[in-house]
Amino acid sequence: MKTFRFVLSLSITLALGIALNSKIGSIPPLGKFLSPFHGFWQNAENEIIDIESTSLDEKLTDSVNVYFDDLLIPHVFAENEKDLFFTQGYITAYHRLWQMEFQLYSAAGRLSEILGPKIGTTDLIEIDRGMRRIGLMYGAENSEELFKTEEPEVYEIIEAYTAGVNAYIESLAYKDYPIEYKLLDYTPEKWTPLKCFLLISNMNNMLSRGERDLEHTNALKKWGREVFDVLYPERPESIDPVIPIGTEFNFDPIVVEKPNVTFPLEFTDPIISKPNPDNGSNSFVVNGEKTANGKVILTNEPDLSLNLPSIWYVMHLNSPTINVMGATLPGGPGITIGFNDSIAWGNTNAKRDLVDWYYIQFKDEKRDEYLYNDNWVPTKKVIEEIKVKGSFSYFDTIVYTHHGPVVYDRNFNSRRTETLNLAMKWIAHEGSKEIKALYLGNKAQNYDEFVEAFSHFSGPPQNYSFASVSGDIALWVNGKFPVKWEEQGKFLMDGSNIDHEWKAYMPQSHNLHVKNPPRNFVSSANQHAADSLYPYYQYDYSFEHYRGRRINDRLRVMDNIEVKDMMNLQHDNFNYNASEALPMMLDSLDSASFTDLEWEYYNKLKNWDYFNGPERQAPTIYEVWWRKLNTKLWDEIDSADIAVYRPNWYNTIEILKKRPDFEMVDNKSTEVRESSGDLYRQTFKETITSLEEYLQKKEGNSLLWYTYKNTTIRHLLRINPFNKGKIKIGGNRSIVNAASSSHGPSWRMVVELGDGKVNAWGVYPGSQSGNPGNPLYGHMIEDWASGKYYKMLFETALSPKNEKIIHSITLKP
């Protein structure tokens, strides 16, 4: 056991002459921290699990048995649902309490409360202000109120989960606190049902807040419509959508006519930070016509930030009314992605623009009223107190309109103008019932019950894949979608004009879906949802153009599929982007003038089969060349004095192929007018120079892809010895195996169903325990990288005698 990982991470060699019980700067009180009986030493666990049976004074109705298997997955067996979800909260807190709380400090805009005003040059107060202004807590409060009034039975489940978390917190003394509390010198606070709803808001922030409305407005104003349409086309010529091309839609859509409107072209800069564009997922399901044994197989992997503690926590929940297993989000009840006795489900992010920005005109400087539909309408003002570690508070006034909070105003991101007031309208601000959807989905036994359960899922919109023991496969695009006219919300809109409002929401039955398609598989990977036959306007700036095409290419030709084949497809390293870009890049080079070194690099690329295997060199060379080419190509965008963004990789290739003399291809930093061929030749030479310099500095003198990419699983506090770096894994963003340097498959699941049975396998880059002092901390990472999966223990009854059970406890009333 690497017990002294703590010593390395915290530089415990800090001068012990410091007054041990005084706090200096960010250093915790060292007397408590270094105490062998109470301090960080208590977090070094000799046993991989040490939780004990206990009595919980009237908090339970009946006894609950919890069995931990050799992966530390808890199997919770309860006599009723309230006890079941109470125990889920209790056990999750045992392994992940600090993570549960820290992620919601971030979502609530409270980081400076525990970390102070700054970390290095990062202004945490401004980060907290931004989080509060986009309204995550606002949305969570609306959802909680909705459950209290409309879903009291499900709200009781949330309260039971909350009580379980609090029961665990109440059992802790300082010595039991996770190491991060001791490092940051604060204590766990009471859990509340609101925090469960804030967790959903946080997922919305990660997966549905992405948009480029203000950047689009900037680009349109700066370069004009013709250039804008070249840079950011809505629908490429070749797409392979989630719903198969040619699918008929048998309903009468709600029709909204595009009004004769003018978009307010106002420059905005700077822009608040966006979710990471690498957030995405893959899911694909094949039916018995495709498999060797006639059973259906479902796979799922959410491609998200690679963190320690891991995003997911795996559990098995069993009571007389439920038997379900899979990945949970620490902080909320139920299974998020998983399977039960009869069905399995997975999800991927359904790309759709659900955030719109409105230009607000206030009546005067008091901002008590704003113009809407030729009337002055009252605003609502909320004063936010941001407590800052160090005994002072920062106060921020947020103005609310019926559109939503005014995020940009004279007090926030107002560098360009003090008169720019922009309100944010976002589906996530409305009350929603995702927790009910998951609760019912965990219990669903067939397709109809699955459809009914996830009809309550509003966001973040997800492509829900489905498989059942009866052989059905299906996919539903679940979410709450406004009916928009063409380009509505693509640019900044006029907040005073009623014609710019959302007029209606799509009926849930009109959401895209397919059941048992003739091609015998369903799949989704964040690409376009449907072809142009779908009667509703669907837009997002960040549809994925590669992973979905590769998955569908493979599934069309695969037959006699076995579980291992589906696992292999999850690990597929084919670089579709390189296969489309590299041939034209190589063809442009003048090989007659090559040096020996240039021939060496050229041949490595020419002989490459486009697979980003971890020990290949060509992926490294291509990655550097492609990025240098993009930097040269889009220098006008990168150097613009306003917020704009580069075209996506797919459209970049389309421009280079079809418009090699497009005005932006020319590098404005030189006097010569360059074509795309000139840029290829310049950047090829620059790539070789850059990589040769890299080799001189690098130990091992190697261009191996995995060492250059350096996929790293990072602790949430970025404490280096708590991280796991140089993971030997291939792939990259826009590859099915989407492991980039910091993002990738955060949970891989494969489920086989048929003959009344369910078999499942899973793995993720981390461990059940969030404690860096646990012997199993991060123990699944190498297996995750190499393609190994663990068979899930899924039984309707368990006992301590089962060979896979390493520990068991009983929680008693």
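If you're matching positions, the sequence shown starts at 1 in our numbering and goes up one per residue. Here a beta-carbon is modelled for each residue, glycine too, at the ideal position from N, C-alpha and C. All figures in this text were calculated on a predicted structure; none of them were measured in a lab.
According to DSSP, residues forming a beta bridge with residue i
i	result
L485	The question names Leu, but residue 485 in the sequence shown is Trp. Partner(s): none; W485 has no beta bridge.
F521	V286
F574	F611
D123	K118
N347	Y464
G744	L304
M558	Answer by DSSP bridge pairing: none, since M558 is not bridged.
R714	N307
Y493	Strictly speaking, residue 493 in this sequence is Met, with Tyr absent from that position. Paired residue(s): Y358.
W426	V355
T810	N65
F392	V388
Assigned exposure category for residue i - 16 Cβ within 10 Å defines buried
i	result
V750	buried
P378	exposed
G730	buried
E52	exposed
E365	exposed
A173	exposed
V255	exposed
K425	buried
W599	exposed
G854	With the chain covering only 1 through 813, there is no way to say anything about residue 854.
S55	exposed
K657	exposed
K182	buried
K726	exposed
V557	exposed
N774	buried
D587	exposed
E752	buried
Residues near residue i by beta carbon distance below 7 Å, same chain, minus five either side
i	result
L111	Y105, L124, I127, D128
F794	H316, M325, V758, A760
V597	Reading off the sequence, residue 597 comes out as Leu, not Val. Same-chain partners within the cutoff: I688.
P535	F249, P253
Contact belief for residue i with residue j at Cβ below 8 Å, rounded distance in angstroms
i	j	result
N347	S432	Not really, about 16 Å apart at Cβ, beyond 8 Å.
A437	F450	No, A437 and F450 are not in contact; Cβ-Cβ is about 10 Å, not under 8 Å.
P193	Y155	7 Å
I272	V407	7 Å
V814	E113	Because the chain spans 1 through 813 in this model, residue 814 falls outside it and cannot be assessed.
N276	N349	Not confirmed; about 12 Å, so no contact.
R133	I398	6 Å
M664	E636	6 Å
I642	F412	I642 to F412, Cβ: 18 Å. No contact.
N323	T796	6 Å
P241	D531	6 Å
L605	A618	6 Å
I735	R547	7 Å
Close-in-space but distant-in-sequence residues of the same chain around residue i (CB under 8 Å, 5 per side omitted)
i	result
L629	M585, L679, Y680, T683
K363	E369, Y370, L371, W376
P660	S675, S676, G677
P647	L231, Y232, W634, I655
W485	V256, E257, K258, P259, Y537
T262	D494
6 Å CB neighbourhood of residue i in its chain, flanking five on each side removed
i	result
K728	P614, Y706, A785
A581	I653
M131	G109
H779	S767
I27	Model confidence at I27 stands at a pLDDT of 49, short of 50, so the residue's coordinates are unreliable and nothing is read from them.
S702	none
Check whether the region 573-584 and the region 530-542 are in contact - that is, three or more C-beta pairs closer than 8 Å. no
Within the chosen definition, does the region 357-365 reach the region 479-497 through at least 3 CB pairs nearer than 8 Å? yes
For the pair the region 298-307 and the region 742-749, tell me if three or more CB-CB distances fall below 8 Å. yes
Take every Cβ of the region 68-78, pair it with every Cβ of the region 791-810, and state whether three or more of those distances are shorter than 8 Å. yes
Taking three-plus beta-carbon pairs below 8 Å as touching, is the region 516-523 in contact with the region 703-720? no
Evaluate the contact criterion for the region 283-303 versus the region 461-475: three or more CB pairs, one atom per stretch, below 8 Å. yes
Three or more beta-carbon pairs under 8 Å between the region 210-218 and the region 505-513, yes or no? no
The region 386-402 contacting the region 337-351, beta-carbon criterion three pairs below 8 Å: no
Tell me, please, whether the region 604-620 touches the region 174-192 by the rule of three or more beta-carbon pairs shorter than 8 Å. no
Answer yes if the region 96-103 comes into contact with the region 71-80, meaning at least three C-beta pairs across the two stretches below 8 Å, and no otherwise. no
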